[in-house]
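Going by this note's numbering, the sequence shown opens with residue 1, and the numbers climb by one from there.
What follows is a set of notes on a single structure, which appears directly below.
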Amino acid sequence: MTNDRHSMDSLFEIIDQTLDDFSGMLIVDKKGQVIYASPSFSEYLFDLDPVAVMGKDIEELSPGSGLLEVLNTGIPQLGKIWEIRGHKMVVSRYPIVKDRIIGAMSLIQFRRLEDSFDLVEQLTEHHEHLDYYKQELKQLWCAKYSFDSILGNSFAIMEAKRKAWDIAITHSPVLVTGETGTGKELFAQAIHQDSPQKDGPFVAVNCAGIPENLMESELFGYEEGAFTGARRGGKPGKFELSNSGTIFLDEISELPLYMQAKLLRVLQEHEVERVGGNGITPVNSRVISATNRDLEAMVREGSFREDLYYRLNVFHVRVPALRERVEDISTISHHFIAAFNREIGTRVSGMDERALHMMMKYRWPGNVRELKSTIERACLDTKMGFIKLSHLYYIKDQMENSDDRGSDTQLSLKTIRMEAERKAILNVLEKTGGNKTLACKLLAVNRTSFYSKLKELGIEDYI
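This is the structure:
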């Protein structure tokens with residue numbers, strides 16, 4: 001018994017030294033009698049010397065202390081408000097168990113109730129800041145486009161969309177190929193938006209736009225002091241930023257061979273090592289890459305690694321050139337016209353037949369990107385009404401200096417029908433001042449069919 005008492009005294013001594021002036025601890029035995037009270041607890045709460053507190057019944061010292069309840073139930077009480085002698089504080093109470101309950105302990109967490117409010121306020125502020133930065137990060141690294149953003153009803157574009165949609169549900173790498181301006185990133189974003197990774201970030205990297213000496217640190221990050229000018233604390237690379245989401249490597253053909261080897265390792269091991277670092281960071285990013293070059297030819301030439309090519313090309317989507325889907329030109333053009341009307345306040349209604357005919361004869365080397373620029377120029381010249389042949393001087397000049405002069409592409413029956421429907425609907429919308437409900441009545445069509453037709457004709461945004 002003497003040895004036990006000596007051991008307990010030694011333990012209490014250690015506790016006294018450990019607790020600071022703002023902490024406090026009180027221990028009672030199974031009968032509710034005090035066997036230990038830290039000096040701060042005794043003096044601050046009971047205005048007694050610690051020795052004078054020993055052996056006293058806790059209910060005599062502080063009725064409703066809660067310790068008897070803990071002794072009886074064995075259930076801890078966490079973060080409770082305890083008021084004694086006009087002091088309100090936050091305490092937690094715990095049973096002391098050795099085969100059975102042999103005592104209970106009360107520990108001061110906040111001497112003043114106000115201190116707990118301050119902590120809650122600080123934590124709330126930190127959480128608000130964290131939520132804000134999470135939201136900012138999501139907006140910064142997010143996909144804006146879905147499969148609905150890819151316009152057109154031609155067989156070529158619908159087939160490409162169908163294939164991409166099937167691929168989206170997998171986690172495997174995807175290679176998107178197509179000429180410049182066809183919308184390869186649009187497809188990459190749509191795949192991400194329809195994938196299991198859609199709630200994660202979408203991080204786009206233009207491999208051709210990164211200086212070769214910075215490429216490794218941009219993709220894989222760097223540690224503090226890795227090189228002159230390295231940011232304090234280091235910096236995560238694009239792969240780390242895209243973790244649990246998608247990384248889009250545009251113009252993948254421009255990666256130098258030494259970086260191709262490093263990228264291959266990341267794809268195989270699913271981990272990155274920062275420049276100047278020794279540690280390994282696991283990454284779980286889906287890789288979508290894109291190029292307008294023939295990677296198979298580059299493999300044969302030795303300028304692109306064959307093993308990397310097969311790693312990236314698990315699934316392949318080819319985005320058709322605009323000249324392969326000329327029937328979509330009208331729909332896409334009207335979409336751009338509506339967008340430009342909203343942006344700068346023009347009142348362009350569409351294109352006349354001769355203007356459309358010329359646009360369908362042109363080969364569009366810049367594809368949809370070039371078409372968008374052409375429409376914007378034409379809208380600015382037209383201001384209101386229909387785009388005419390004279391407003392398309394840019395592509396007219398291009399055609400006069402190319403082999404397109406002898407081309408005699410004819411408008412398809414489907415295109416002629418769509419243009420007639422488009423003009424009829426636009427005329428009615430003009431008469432109703434953009435009131436689509438009234439337009440439905442005048443055209444004697446139900447609302448669902450009318451809106452489907454607007455979308456098919458590329459004028460769903462008409463106001």
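Glycine included, C-beta positions come from ideal geometry on N, C-alpha and C.
Residues of its chain near residue i, where Cβ-Cβ distance is below 6 Å and the 5 sequence neighbours each way are ignored
{"i": "Gln164", "result": "Gln is not the amino acid found at residue 164; the sequence shown has Ala there. So the list reads Phe187, Ile191, Val317, once near-sequence residues are dropped."}
{"i": "Glu273", "result": "Ile280"}
{"i": "Ala204", "result": "Phe248"}
{"i": "Phe450", "result": "Cys440"}
{"i": "Leu267", "result": "Arg311"}
{"i": "Ile344", "result": "none"}
{"i": "Tyr94", "result": "Pro76, Met105"}
{"i": "Val287", "result": "Pro173, Ile247"}
{"i": "Ser289", "result": "Leu175, Leu249, Ile252, Leu312"}
{"i": "His391", "result": "Ala378, Asp381, Thr382"}
{"i": "Asp408", "result": "Reliability fails at Asp408, whose pLDDT of 45 lies under 50, so the model's placement of it is uncertain and the value that follows must be treated cautiously. Taken in chain order, the list of residues that qualify is empty."}
CB-CB length for residue i against residue j, believed under 8 Å
{"i": "His334", "j": "Arg422", "result": "7 Å"}
{"i": "Met243", "j": "Ser217", "result": "Just to set this straight, residue 243 is Asn in the shown sequence, not Met. About 17 Å separates the two Cβ atoms, so there is no contact after all."}
{"i": "Ser92", "j": "Pro76", "result": "7 Å"}
{"i": "Ser195", "j": "Ala168", "result": "5 Å"}
{"i": "Glu220", "j": "Gly276", "result": "Before going further, note that residue 220 is Phe rather than Glu in the sequence given. The pair is not a contact, with the Cβ atoms about 11 Å apart (cut-off 8 Å)."}
{"i": "Gly152", "j": "Ile332", "result": "6 Å"}
{"i": "Tyr145", "j": "Gln189", "result": "4 Å"}
{"i": "Thr432", "j": "Leu442", "result": "7 Å"}
{"i": "Trp364", "j": "Leu426", "result": "Actually they do not touch by this definition, with Cβ atoms about 24 Å apart."}
{"i": "Ile108", "j": "Met89", "result": "6 Å"}
{"i": "Phe336", "j": "Lys372", "result": "5 Å"}
{"i": "Ile210", "j": "Gly183", "result": "Actually they do not touch by this definition, with Cβ atoms about 22 Å apart."}
Under 8 Å between C-beta atoms of residue i and residue j
{"i": "Leu67", "j": "Val28", "result": "yes"}
{"i": "Thr291", "j": "Glu251", "result": "yes"}
{"i": "Leu380", "j": "Leu308", "result": "no"}
{"i": "Gly181", "j": "Glu370", "result": "yes"}
{"i": "Val174", "j": "Val319", "result": "no"}
{"i": "Val348", "j": "Thr374", "result": "no"}
{"i": "Ala230", "j": "Gln193", "result": "no"}
{"i": "Glu296", "j": "Pro282", "result": "no"}
{"i": "Leu71", "j": "Lys98", "result": "no"}
{"i": "Glu224", "j": "Gly234", "result": "yes"}
{"i": "Ser172", "j": "Val326", "result": "no"}
Neighbour-count burial assignment, residue i, 16 or more Cβ in a 10 Å radius
{"i": "Tyr222", "result": "buried"}
{"i": "Asn367", "result": "buried"}
{"i": "Met25", "result": "buried"}
{"i": "Gly385", "result": "exposed"}
{"i": "Tyr133", "result": "Unreliable positioning characterises Tyr133 in this predicted model, as indicated by a pLDDT of 47, which lies under 50. The coordinate reading is nonetheless provided below. By the neighbour-count rule (16 or more Cβ atoms within 10 Å), Tyr133 is not buried but exposed."}
{"i": "Thr448", "result": "exposed"}
{"i": "Glu240", "result": "buried"}
{"i": "Pro201", "result": "buried"}
{"i": "Thr246", "result": "buried"}
{"i": "Gly434", "result": "exposed"}
{"i": "Ala160", "result": "buried"}
{"i": "Ile81", "result": "exposed"}
{"i": "Ser38", "result": "buried"}
{"i": "Ala378", "result": "buried"}
{"i": "Glu179", "result": "buried"}
{"i": "Glu185", "result": "buried"}
{"i": "Asp328", "result": "buried"}
{"i": "Tyr36", "result": "buried"}
{"i": "Val53", "result": "buried"}
{"i": "Ser452", "result": "exposed"}
{"i": "Gly350", "result": "buried"}
Close Cβ partners of residue i (< 7 Å) along its chain, the five nearest in sequence each way excluded
{"i": "Gly55", "result": "Gln33, Val34"}
{"i": "Glu419", "result": "Ser330, Glu353, Leu356"}
{"i": "Ser253", "result": "Thr291, Arg293, Leu295, Met298, Phe304"}
{"i": "Leu255", "result": "Cys207, Leu263"}
{"i": "Met466", "result": "A question about residue 466 goes unanswered here, because the residues of the chain that appear run from 1 up to 463."}
Residues near residue i in its chain [Cβ-Cβ closer than 8 Å; skip 5 each side]
{"i": "Lys396", "result": "Met358, Leu389"}
{"i": "Ile96", "result": "Ile27, Ile102, Gly103, Ala104, Met105"}
{"i": "Arg305", "result": "Leu257, Gln260, Ala261, Leu264, Val299"}
{"i": "Phe147", "result": "Lys161, Ala164, Trp165, Ala190, Gln193, Asp194"}
{"i": "Gly74", "result": "Pro95, Val97, Ile101"}
C-beta neighbour in chain C for residue i, strict 8 Å
{"i": "Gly209", "result": "Among the chains in the structure shown there is no chain C, since it carries only a single protein chain."}
Original post:
Which runs of the alpha helix (DSSP H) fall wholly inside the stretch 253–293 and span at least 4 residues, in chain order?
Top reply: At a cut-off of 4 residues, the continuous stretches assigned as alpha helix (DSSP H) that sit fully inside the stretch 253–293 are 257–269.
Original post:
Which runs of the beta strand (DSSP E) spanning at least 3 residues fall entirely within the stretch 332–385, listed in chain order?
Top reply: Secondary structure remark: continuous beta strand (DSSP E) runs of at least 3 residues inside the stretch 332–385, in chain order: 347–351.
Subject >> Runs of alpha helix (DSSP H) wholly within the stretch 45–106 (minimum 4 residues, chain order) >> reply: Entirely contained in the stretch 45–106, the alpha helix (DSSP H) runs reaching 4 residues are, in chain order, 50–53, 58–61, 67–73.
Original post:
Which parts of the stretch 229–254 are runs of the beta strand (DSSP E), unbroken and 3 residues or longer, counting only runs that do not cross its ends?
Top reply: 246–250
Original post:
Unbroken alpha helix (DSSP H) runs of length 4 or more, entirely within the stretch 151–210: which are they?
Top reply: List check, alpha helix (DSSP H) in window: 155–168, 184–193.
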